[in-house]
Every structure is written in structure tokens, then in C-alpha cells.
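Engineer:
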Amino acid sequence: MPETNFFTDVDALAAAIPDGTKLAIFKDSGVPMAAAKALVRRQAKGLHLVTIPTAGMIVDMLIGAGCVDIVETSGVSLGEFGPAREFANAVKAGKVKIMDSTCPAIYSGLQAAEKGVPFMPMRGLIGSDILKNRDDYAVIDNPLAKDDPIVVVPAIRPDIALIHVALADRFGNLWIGRQTELKVMAHAAKGTFATAEKIIDTNIMEDERLASASIPSLYVNGIAPAPRGAWPLEMPGQYDVDRDEMENYAKLSGSGDGFQTWITDRVFAKSVAAE
Amino acid sequence: MPETNFFTDVDALAAAIPDGTKLAIFKDSGVPMAAAKALVRRQAKGLHLVTIPTAGMIVDMLIGAGCVDIVETSGVSLGEFGPAREFANAVKAGKVKIMDSTCPAIYSGLQAAEKGVPFMPMRGLIGSDILKNRDDYAVIDNPLAKDDPIVVVPAIRPDIALIHVALADRFGNLWIGRQTELKVMAHAAKGTFATAEKIIDTNIMEDERLASASIPSLYVNGIAPAPRGAWPLEMPGQYDVDRDEMENYAKLSGSGDGFQTWITDRVFAKSVAAE
Amino acid sequence: MNNCRPEELMISAIGDLLEDAAHIAVGVLSPIPGSAALLARARNGARVSIIGSTVPEFRTDGGIDLFDAAGQGRVDAFFLSGGQIDGAANINLTGIGTYPELDIRWSGAFGSAYLYFQVPKVILFRDEHSRRTLVKKVDFISAPGVSKKNVYRPGGPYALVTPLCVMMFDRIAGRFTLKSIHPGHSLEEIRDQTGFDFDCPNDVPDTATPDKDTLSLIRGDVARAIANPYPAFAAKMFGI
Amino acid sequence: MNNCRPEELMISAIGDLLEDAAHIAVGVLSPIPGSAALLARARNGARVSIIGSTVPEFRTDGGIDLFDAAGQGRVDAFFLSGGQIDGAANINLTGIGTYPELDIRWSGAFGSAYLYFQVPKVILFRDEHSRRTLVKKVDFISAPGVSKKNVYRPGGPYALVTPLCVMMFDRIAGRFTLKSIHPGHSLEEIRDQTGFDFDCPNDVPDTATPDKDTLSLIRGDVARAIANPYPAFAAKMFGI
Chain A
1325 MPETNFFTDV
1335 DALAAAIPDG
1345 TKLAIFKDSG
1355 VPMAAAKALV
1365 RRQAKGLHLV
1375 TIPTAGMIVD
1385 MLIGAGCVDI
1395 VETSGVSLGE
1405 FGPAREFANA
1415 VKAGKVKIMD
1425 STCPAIYSGL
1435 QAAEKGVPFM
1445 PMRGLIGSDI
1455 LKNRDDYAVI
1465 DNPLAKDDPI
1475 VVVPAIRPDI
1485 ALIHVALADR
1495 FGNLWIGRQT
1505 ELKVMAHAAK
1515 GTFATAEKII
1525 DTNIMEDERL
1535 ASASIPSLYV
1545 NGIAPAPRGA
1555 WPLEMPGQYD
1565 VDRDEMENYA
1575 KLSGSGDGFQ
1585 TWITDRVFAK
1595 SVAAE
Chain B
1325 MPETNFFTDV
1335 DALAAAIPDG
1345 TKLAIFKDSG
1355 VPMAAAKALV
1365 RRQAKGLHLV
1375 TIPTAGMIVD
1385 MLIGAGCVDI
1395 VETSGVSLGE
1405 FGPAREFANA
1415 VKAGKVKIMD
1425 STCPAIYSGL
1435 QAAEKGVPFM
1445 PMRGLIGSDI
1455 LKNRDDYAVI
1465 DNPLAKDDPI
1475 VVVPAIRPDI
1485 ALIHVALADR
1495 FGNLWIGRQT
1505 ELKVMAHAAK
1515 GTFATAEKII
1525 DTNIMEDERL
1535 ASASIPSLYV
1545 NGIAPAPRGA
1555 WPLEMPGQYD
1565 VDRDEMENYA
1575 KLSGSGDGFQ
1585 TWITDRVFAK
1595 SVAAE
Chain C
523 MNNCRPEELM
533 ISAIGDLLED
543 AAHIAVGVLS
553 PIPGSAALLA
563 RARNGARVSI
573 IGSTVPEFRT
583 DGGIDLFDAA
593 GQGRVDAFFL
603 SGGQIDGAAN
613 INLTGIGTYP
623 ELDIRWSGAF
633 GSAYLYFQVP
643 KVILFRDEHS
653 RRTLVKKVDF
663 ISAPGVSKKN
673 VYRPGGPYAL
683 VTPLCVMMFD
693 RIAGRFTLKS
703 IHPGHSLEEI
713 RDQTGFDFDC
723 PNDVPDTATP
733 DKDTLSLIRG
743 DVARAIANPY
753 PAFAAKMFGI
Chain D
523 MNNCRPEELM
533 ISAIGDLLED
543 AAHIAVGVLS
553 PIPGSAALLA
563 RARNGARVSI
573 IGSTVPEFRT
583 DGGIDLFDAA
593 GQGRVDAFFL
603 SGGQIDGAAN
613 INLTGIGTYP
623 ELDIRWSGAF
633 GSAYLYFQVP
643 KVILFRDEHS
653 RRTLVKKVDF
663 ISAPGVSKKN
673 VYRPGGPYAL
683 VTPLCVMMFD
693 RIAGRFTLKS
703 IHPGHSLEEI
713 RDQTGFDFDC
723 PNDVPDTATP
733 DKDTLSLIRG
743 DVARAIANPY
753 PAFAAKMFGI
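Chains as they are written, first to last, in our numbering: chain A, 1325 to 1599; chain B, 1325 to 1599; chain C, 523 to 762; chain D, 523 to 762.
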């Protein structure tokens, strides 16, 4: 069982994520942007990113900054801000290995790891080029019926689930609200690192309103404080997406020098992270 | 999608559960005791009970009252109040068909139905007489590895999940608190009937504290009011187990006439339900 | 044609295809299908789930729950699109060229390779009707239009709606049939702009324009509701 | 032997077996193993999850979560019992006679047929040491003690604790070995009361009685903590 480490800041947390880590990142809020920028600052290499189940700016940035060898995903896009051009360029250039999937296959793989089973059956996929290009997927005959081909996907067991939450406590518990996928990630991963908007001294598990939407410390290996840790993305109930910052990223990314300028200004100039 | 029916009372709800229904019941609070007594009153027949994953008095009583043909369970016991003697007697007499399982196999079967897959792999079970006696389970070779036998259990899709909750609303939403298994049951079953301690006029889904621990009306076919609807079992935060009543049941059940007396007094004399 | 805009016509046309859908799910970045789902909600009381919405009445219990609900048969209609769509209703959300190092890389399949199989009524929507988007054969099948008989597939393609027309998909024949042409456009134009072969009855009607009530619903209830997930769309389209 | 009671000796003996377990799960109706787990918590800081407990520090996220945690390798120790336990560590929680219409029907297997495979250190506990409970061969294998080599089984039986002795289980040999005899009992008595054959070194020590610190922990912190899930046990045993 982990004794939860409390890191002084996101850079200390990023230092504890080794090169080559198989790292799971959730698509929605909270997106651990501050932690990802710290990974860029420490020039992490060879990451195997698993997006749960899709991703946006965070993965695009990590790829653009050269931190990533493999990206396992159902889709990478900046959403309403446009295509993820660092991602697209790296795939086209063969700089990252792409493992294309479809959302419920990634969820099923995580849920297999959560249950400690080596695979999970799932419907769909048969006849797609997604399936054709995934050597680790298989089509079997449903063993409980006749003439019923069905896909099995392997368990996805990330080394670390990296998440951002609104609230953590000094006992290592995390409050996740409605984002139940974060719980599946924590169960499936070997360990979980969390950044938190706020770390409180009272025990989340002893507050009934919070306890029913929480991840107990059993799963949590490390916590770092990160106020505005999802910025420029939103944190529901706390702050909205910073549209100017997103549009600026969308404009500069994918353009070589522009992206480098953005990285220098917005990642290495550390103070902006807390804007 | 169901338009949620609002029944006037538990008897109206029980009248909407046909004979022969494959009925899922959760082991813990809230145990829908009031609804089960209404099933006894309407002399329901041929039920296929699936206990999630074990059961106590509720299933013992339904079996003793002759409502049950099949019981699919990982264990039936009155816990600290002793063995479930109506259950044991009925199994010994061959009056009910027993489908013995183990807790995570029942959960896995439900989760298969929840995901719409025909089966789920699970570890364990190999070499047990549980497995030997379940023709509907199979052992297959893990298709993604070599020489790795693994059990597959079929999806369990109950006709109705019958649950008792603290709170429902007029829009058909249920608040379930920490009992996340109730959500899995509602997803897996074709439909869900709930009894509720209280039915409120405001929308559970619009209250953030409640929404993160709720079952939306999408899954809910019927709701009946049932204050003290788990009695004599406990309802966390509302009332404790009625030890005298439980000891009385434990004493009278399994003894033929004693059980009949209990049924007459405690089930058909309707007023006791609201004690 | 009354004075409805092209987007309003497509919203109305999709809405007409949704009449018997009790639960409609909408993905991200789908303002026109989303508006059509909200129209079906306003007209028929359909339940609408919008992936990623934070509005209590539209939000889901999360991604896993929505895919599971589709697996349970609890989602009646969904929308898909594609960088390429071909005549067998295959869709390509992945890219153009030879996989994996494509010439053009798009976002990826998202949930399509699953939902296309599970949801009974999948309506394909594409905002550009051209030989670039509607192709003879997609470069990459993110999700196939048809499956072999023994493949479990309660769902699949139902119709295709574009700025030019509505086509219906025949899952047995594996082909589209032109159903209606939007007012102001012609069969010749559609043939010219479509990269795949499709069936065409002798007499293809105009796509029905929304009646007064429908149009006021679109510009009223629907516009107000779509403004939360799609503020930019609502501002541009309806001025709110 | 100091003046500790038999139950306190068993709590202490089980506690000694739990020294390297960081996360111990306890099932329902297991007050003595439960107390031992709480002793390990007090002594070594072990995390203890008690199935069905409503106490925040002991409760799990529900049954599914606990079984999943065991599948993930996040549960180090668990306790099982049985109406019958045999010399190959097979346990029977189902009944006596010919299945399914048994002569005596017990509750059923609960989680045993899974957890016995998954949890590295499963300690068997039985409060009655007799030829009725410790049999040559169980009538029904609710969960098997050993598995074929190709069966995935990170867990299994580790020891057996009874009112007479502690036995250790050798998973390769598939046999129990007597480890210690509780003070006041003899090897002869154990042989007489045990229905199965077991290995026995020449010199079997007495089971260590709890030292003063351990005994005061048992009667203090442990007694207070066990009173919530097991009020009747705590009242009877510790007078609280």
C-alpha cells in the first residue's frame, strides 16, 4: 500500500515520474496541465501516454515537446479550438508510435486491469481498420454461444494515472465529484499521482457528502498542490477555460518555431502557470 | 426509455412484478423488505432471485413463502442472527433450484450485462465444485496468452432490479449514496423498481451533492413510497436494525408452523410494515 | 421554401428522422445534430444526452456510462461524421494516405467503432457535400457501414444528411438511396458532388422545410438550449 | 502462560502471522481475525478494510471495489473459514452430503472461490478444532486449497489457526505442518481431533502468548475498534 507522498510542487511530482512511464491521462476536467508542463520542464522522455479515452492540448503539448514515444488514444483534438497539430505532425513524421483505438475499448482495457483480468470482451470494432492495426486485440468465438465473433482487448495497466482534482486531504484521499472515470483509472494503474486545487487537513472519508465521490488513499501514491492546475483548461465550479490562451496555443502549435516560442513563454517561464 | 411509474404503495409496485420475474436484490441497505412483503402478500410465484451477491432475511422469507423457483446466490445467511433456515430447508427439499456462485462472479455477470457483452472473464473458481456445478460457466484458454485457463461467466440480465433508497424525486431519479452496486444493478437489469423512504419534488440531478451518487430516471421504471421500507433491517443514517424483530424471525423461521405464524403476523397484517 | 436558413433546414430534416427515438445521444462538436436532438426533445419529449455537457438535464454519468447504456440498448439514436464517408457508409475519422504515417492525420475514431454497431439509428451528418468528403472508398475504415451477418450489430447507419440532401441507407444492400433534395439544389448537383454511387428513385421530392411551429421551436427553445454546450454556434446562428 | 484468554491467544497468534501485511481485509462475522487485523494495524500500521463496516477508516468502496482491489494485488491478507476444512486446505462453506440437495446446507461460498486465489496470505480460522470440522476430504469444494501449475493463483492458504494450534500450509506439498501448540494442549490431542494427516517436526513449540504490550493493545485499542462491527463480541470478550 502506498504511503502517500506529499510533494512540495508539481516539479517535485514530475521528478518522480520516470522516463518511459506508461502514463494515463483523463480527457476531461481536471486535466493536469500544470503537472504536464512540469514534465516538459524536466524534459521527460519516452512516455507511453494512454488517453482516457481521448485527449486535447495536454497530449498535443507533451508530444510537441518531445516527451512521448507512444500514444494510445481514441482521438486527439483541441475540440472547438481546432485540430491537434503537434500530434498530427508527429504521427505523420513517425516520431511517435500511434496505437489507435475507440473510446469504449480503452475503457474496457482499463476495467480489465481494474478487475485483474487479462482481457475484456467488447462489441463493435469488427471490420474496422482500427482492429486490423491492433495486433494486441483479437477476435474470438464467444465461448458461450455459436457463431458469434467478438473482440477481446487486453487489460491496460498504466504505471501511473496522473490526475487533477479539486480537493485532496492530508491523509491521501482525493475528492473527484462526478468524474467516476478517475476512480477507474486509479484502480487500473499501478499507482496514482494527483495534483489538487486545494489540500485540506480534515479527512475526506469522514465527510459523507465527499466520501461517496472520492478515491481512498489506498490508491494514491503522490499528491502535489496545484492551484489553477488545469489552466488554461477549465475546472468545473472553479474557473472556466481561458479562451485567449487556448486560441494562442491553437495558433502557435504545429508551426515549429511558434510552438517553441509558446513552450518558452508558457512552460519554462514558470510564473505563468499560476496566472 | 421508461416513463417512470409512480405507484401509490408497495402493493401496487409488487402487482407490477409478474410471476416468473428474474429479480435482482442487493445484500445491503437498503434492502427492499416492504416491497418483498408485498410480493408475499400478492402470492408471487416462480421468481428467479439473483442476490447481489449474497442475501439474508429477504430471500429467506420469499423462499419460505413459496414465491421462488430459482435462487442464484453466493450465500444466504441471517448473519449474526444465524443461518437462513427457510432457504436451507427449501434447497434440501429440492423446492428451489440453487445456482451457487461466488460474489465476484455475480458482480462480473452483472457488469457484463451492464456493458452489453455476453460474458466476462474472471480469475479464481477453477478447481471448485461451484464451477463444476455451473453448466453456464466455462473455462477457456486466455486468447491473449499461452497456457492460461480462465473462467468466463455469462452476463446476468435481471428483468427487474428491486432496490430501496433513501431518496427519490418526482422526475424518476434516485439518490443511492455510497451504494454504487445499486447503479450496476440498474444498468444491468432490463428495468429498475425502487421503493423510497422519501420522494421529493426537487430534481436530484440539479443538486450537485446528490447528483454524483444517483441513478438517473433513464434506468428507473417504477417508484413507490415506503417509509421504513427496509425494516426490520437498517437504513443507514435513518434507522438501525430491529434486533428483537430479527431474533423473532430467526427463531420462528425454518420451523414450519412458526414461519406461517410469522408470515400471518408480520406480512399479511399490513400495518406492521410501517411500525 | 420559406425563409429558413440552410442550417435550420438540416436541423429540421434531422429532427424529422428522429421522430421515434426516445433517447438521443449527441457527441462533442455536433451543434446541428445537437439542435436536431433538442428539436426532437421539444416536439416528442425525447431524452437527450450530450457528451461532455455540464447541464444537469443533458449530461451523462460519464463516458463509461454512456457507452454502457448504448451496449444495454438504452440509446436509440446517435450522430457520426467523418473526414471521409463512402457509399457503403464506412466512415473515416483517422486520416488520408497510408496508415499509420498518413498524409493527413485527423483526430481519431473516438467512439465510432463501437457506437456505429450498437445504436439502432445512427445518422451521418456532414457539413460539406463534395467529392472530397463523400468518396468512393474511404482510405481508412474507422468504423464500417455494414457487417457480416454473424457479427452482433443491433445498430448501424440510418441516413446521411448534408447541405444538399437527405439519403437513407439500406443495410442489406449496403447502399444509400437519395430521399430528398434540399430546396434550391438539384439531382445533377448532388451526382456531381458525390464520389460514390447511390440509388435514386424516379421522383425525388424536395426536403420538407420546417413549418412555422418547428421554426419557432428551433429559434426559441432549441436555440436557448444549444447555447450552453455550443455558445459560439448559438451566437452565430441565433444571435444569442 | 500468562492469564490471557484462549480468544486473546488466537488474536495474538493470527496477529503474529500478519506482520508483513500492509493491507488486510476482513469479511463479515470474523471477530477474532478482525481483532487480529486491528492488532496488526495498531502494531505495524497496517490498513484494515472490513467488509460491511460503516466506519470511515475501515469501510471499503463497496463489494465490487474490494474484490477488484484483490484482483489488482492490493489486498495482502484475508481470512476464510469453513464448515469443513481438509488437509489439502480445501474449504467447504456450502454443505454436507450430495450436492445440490445436501443433508446440511450452509450459507454458500461467498467470495471464497475468488479471494482464495487472489490474496497472497489467506489465513484459515476455525473456532472448533474437531474431526467434524477438520476432515480428511471436504464434501464440497467451495474453494480449493491448491491449483494446477498453469492456473493463475498469486494467492492461497498460508496458515490455519484453531483453538488448539497453528498450522502452516505448504502450497507445493499441498499439506499442513504443525507450527505451534497452544499452551495447555498437546500433540496427541491435536492428532486425535484432526481428521486429516499433517506434517509435524520433532519439536513443536508452544504458541507464543501475547506479551504485556500486545495484551494491553488487544484489550485497549483493538477492543474499542472491534466494538463497532462486532458489538456483541466486544461486549462478551472485553466487557465494552
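Virtual Cβ for every residue (Gly too), placed ideally from N, Cα, C.
1) Give the DSSP-derived three-state secondary structure of TYR752/D in the structure shown.
2) Taking Cβ-Cβ distances shorter than 7 Å, what residues in chain B pair up with GLY1501/A?
3) With a CB to CB cut of under 6 Å and the five nearest residues on each side skipped, what residues in its chain are close to VAL1415/A?
4) Can you look up GLN606/C in the DSSP assignment and give me helix, strand or coil?
5) So if I threshold CB-CB distances at 7 Å, which residues from the segment 660-685 of chain C count as touching chain A?
6) Shorter than 8 Å from the beta carbon of PHE632/C to some beta carbon of chain A?
7) Interface residues of chain B around PHE1443/A at Cβ under 8 Å?
8) From the DSSP output, in three-state form, read off VAL1476/A for me.
9) Give a yes or no on whether 8 Å exceeds the smallest Cβ distance from GLY1390/A to chain C.
10) Output needed for PHE647/D: all residues of its chain with C-beta closer than 6 Å, excluding positions within five of it in sequence on either side, in chain order.
11) Strictly below 7 Å CB to CB, what residues from chain D border PRO1377/B?
12) In or out: PRO1377/B buried (at least 16 other Cβ within 10 Å) or exposed?
13) Are ASN1497/A and ILE1528/A touching if we call contact CB-CB under 8 Å?
14) Report the start-end ranges of each alpha helix (DSSP H) in the segment 558-624 of chain C that is 4 residues or longer and not cut off at the edges.
15) Check this for me: beta carbons of PHE767/C and LYS671/C, under 8 Å apart or not?
16) Less than 8 Å between the CB atoms is what I'm expecting for PHE1331/A and GLY1546/A, so what's the real figure, rounded?
17) Can you tell me the Cβ-Cβ gap for GLY549/D and PHE632/D, rounded? I've got them flagged as a contact below 8 Å.
18) With the cut-off set at 8 Å, would you say GLU710/D and LEU686/D are in Cβ contact?
19) Residues in its own chain within less than 7 Å of ALA1339/A by CB, not counting five upstream and five downstream?
20) Going by CA-CA distance only, name the one from THR1526/B, ALA1379/B, THR1588/B, MET1446/B that's closest to LEU1347/B.
21) For the alpha helix (DSSP H) that contains GLU530/D, what are its first and last residues?
22) Taking ARG1533/A as the query, report the chain B residues whose CB atoms sit under 7 Å from its CB, ordered along the chain.
23) Between which two residues does the beta strand (DSSP E) carrying ARG697/D extend?
24) Assign GLY556/D to one of three DSSP states: helix, strand, or coil.
25) May I ask which residues mark the beginning and end of the alpha helix (DSSP H) holding ASN1413/B?
26) Check VAL1383/A in the structure and name its three-state DSSP category.
27) Report the residue ranges of all beta strand (DSSP E) runs contained in full by the segment 689-743 of chain C; include only those spanning at least 3 residues, in chain order.
28) What residues from the segment 1502-1513 of chain B come within 7 Å of chain C, judged by C-beta to C-beta, listed N to C?
29) Given ALA749/C, which residues of its chain have a CB within under 6 Å of its CB, disregarding the five upstream and five downstream residues?
30) Can PRO676/D and GLN640/D be called in contact, C-beta distance under 8 Å?
31) Just list the residues that DSSP pairs ARG1394/B with in beta bridges.
32) Within 10 Å of its beta-carbon, does ILE1587/A have 16 or more other beta-carbons around it, so buried, or fewer, so exposed?
33) I want to verify the contact list: residues of chain C whose CB lies under 8 Å from the CB of GLY1399/A, in sequence order.
34) Any beta-carbon of chain B closer than 8 Å to the one on GLN640/C?
35) Within a Cβ cutoff of 7 Å, which residues of the same chain sit near PHE589/C, ignoring the five residues on either side of it in sequence?
36) In the DSSP assignment, find the beta strand (DSSP E) that holds GLU1521/B and state where it starts and stops.
Structural biologist: This is what the structure gives:
1) Reading the fourth sequence from its first residue, position 230 is the one you call residue 752/D. TYR752/D sits in coil when the DSSP states are folded into three classes, being neither helix nor strand.
2) Counted from its first residue, the first sequence places residue 1501/A at position 177. In chain order: SER1536.
3) Start at 1 with the first residue of the first sequence, and residue 1415/A comes out as number 91. Same-chain partners within the cutoff: ILE1422.
4) As a working mapping, residue 606/C is identified with position 84 in the third sequence. It is a strand residue.
5) Under the 7 Å Cβ criterion, the segment 660-685 of chain C contributes PHE662, ILE663, SER664, ALA665, PRO666, SER669, ASN672, VAL673, TYR674.
6) On the third sequence, residue 632/C is found 110 positions in, with the first residue counted as 1. Yes, PHE632/C counts as interfacial toward chain A.
7) In the first sequence, counting from the first residue as 1, residue 1443/A sits at position 119. Listed along the chain, the chain B residues whose CB falls inside 8 Å of the CB of PHE1443/A are PRO1445, ASN1466, PRO1467, LEU1468.
8) Start at 1 with the first residue of the first sequence, and residue 1476/A comes out as number 152. DSSP places VAL1476/A in strand when its eight states are reduced to three.
9) Looking up residue 1390/A in the first sequence gives position 66. Taking Cβ atoms only, chain C never reaches closer than 8 Å to GLY1390/A, which makes this a no.
10) Position 125 of the fourth sequence holds residue 647/D. So the qualifying residues of the chain are PRO555, PHE601, SER603, VAL683.
11) Within the second sequence, numbered from 1, the residue matching residue 1377/B stands at position 53. Chain D residues near PRO1377/B: GLY585.
12) The residue given as residue 1377/B occupies position 53 in the second sequence. Classification of PRO1377/B: buried, given that the 10 Å Cβ count is 16 or more.
13) Mapped onto the first sequence, residue 1497/A falls at position 173. Mapped onto the first sequence, residue 1528/A falls at position 204. Closer than 8 Å, so yes.
14) Entirely contained in the segment 558-624 of chain C, the alpha helix (DSSP H) runs reaching 4 residues are, in chain order, 585-593.
15) Since the displayed chain C opens at 523 and closes at 762, residue 767/C lies outside it and no answer follows.
16) Within the first sequence, residue 1331/A is the residue found at index 7, counting from 1. Within the first sequence, residue 1546/A is the residue found at index 222, counting from 1. Contact holds; Cβ gap of about 6 Å.
17) Position 27 of the fourth sequence, counted from the start, is the residue given in the question as residue 549/D. Position 110 of the fourth sequence, counted from the start, is the residue given in the question as residue 632/D. 7 Å between Cβ atoms; contact.
18) For the purposes of this step, residue 710/D is taken as the residue at position 188 of the fourth sequence. For the purposes of this step, residue 686/D is taken as the residue at position 164 of the fourth sequence. LEU686/D is positioned such that its CB atom lies no closer than 8 Å to that of GLU710/D.
19) Indexing the first sequence from 1 puts residue 1339/A at position 15. Hits under 7 Å: ARG1366.
20) Taking the first residue of the second sequence as position 1, residue 1347/B is located at position 23. Taking only the C-alpha atoms, the option nearest LEU1347/B is ALA1379/B.
21) Taking the fourth sequence and counting its residues from 1, one reaches residue 530/D at position 8. Note, GLU530/D: alpha helix (DSSP H), 528-539.
22) If you number the first sequence from 1, residue 1533/A lands on position 209. Going along chain B in sequence order, the residues near ARG1533/A (Cβ under 7 Å) are ARG1533.
23) In the fourth sequence, residue 697/D corresponds to position 175, counting from 1. 697-703 is the extent of the beta strand (DSSP E) around ARG697/D.
24) One-based indexing of the fourth sequence puts residue 556/D at position 34. Reduced to three states, the DSSP call for GLY556/D is helix.
25) Indexing the second sequence from 1 puts residue 1413/B at position 89. Segment 1409-1416, the alpha helix (DSSP H) holding ASN1413/B.
26) One-based indexing of the first sequence puts residue 1383/A at position 59. DSSP places VAL1383/A in the helix class (H, G or I) of the three-state scheme.
27) Complete beta strand (DSSP E) runs here, min 3: 697-703.
28) Answer set for the segment 1502-1513 of chain B: HIS1511.
29) Counting from 1 along the third sequence, the entry for residue 749/C is found at position 227. Listed in chain order, the non-local C-beta contacts of ALA749/C below 6 Å within the same chain comprise ALA756, ILE762, local neighbours out to five positions each way being set aside.
30) For the purposes of this step, residue 676/D is identified with residue 154 of the fourth sequence, where counting begins at 1. For the purposes of this step, residue 640/D is identified with residue 118 of the fourth sequence, where counting begins at 1. Taking 8 Å as the Cβ cut-off, PRO676/D and GLN640/D qualify as a contacting pair.
31) To locate residue 1394/B, count along the second sequence from 1; it is residue 70. Rather than Arg, the amino acid found at residue 1394/B in this sequence is Ile. Paired residue(s): HIS1372/B, LYS1421/B.
32) Numbered from its first residue, the first sequence carries residue 1587/A at position 263. Buried is the call here.
33) As a working note, residue 1399/A is residue 75 in the first sequence. The contacting residues are LEU615, SER629, GLY630, ALA631, PHE632.
34) Counting from 1 along the third sequence, the entry for residue 640/C is found at position 118. Interface flag for GLN640/C against chain B is set, since a Cβ pair is found closer than 8 Å.
35) What you label residue 589/C is simply residue 67 of the third sequence in a count that begins at 1. The beta carbon of PHE589/C is closer than 7 Å to those of GLY633, TYR636 in its chain, skipping five residues each way along the sequence.
36) If you number the second sequence from 1, residue 1521/B lands on position 197. Start and end: 1515-1524.
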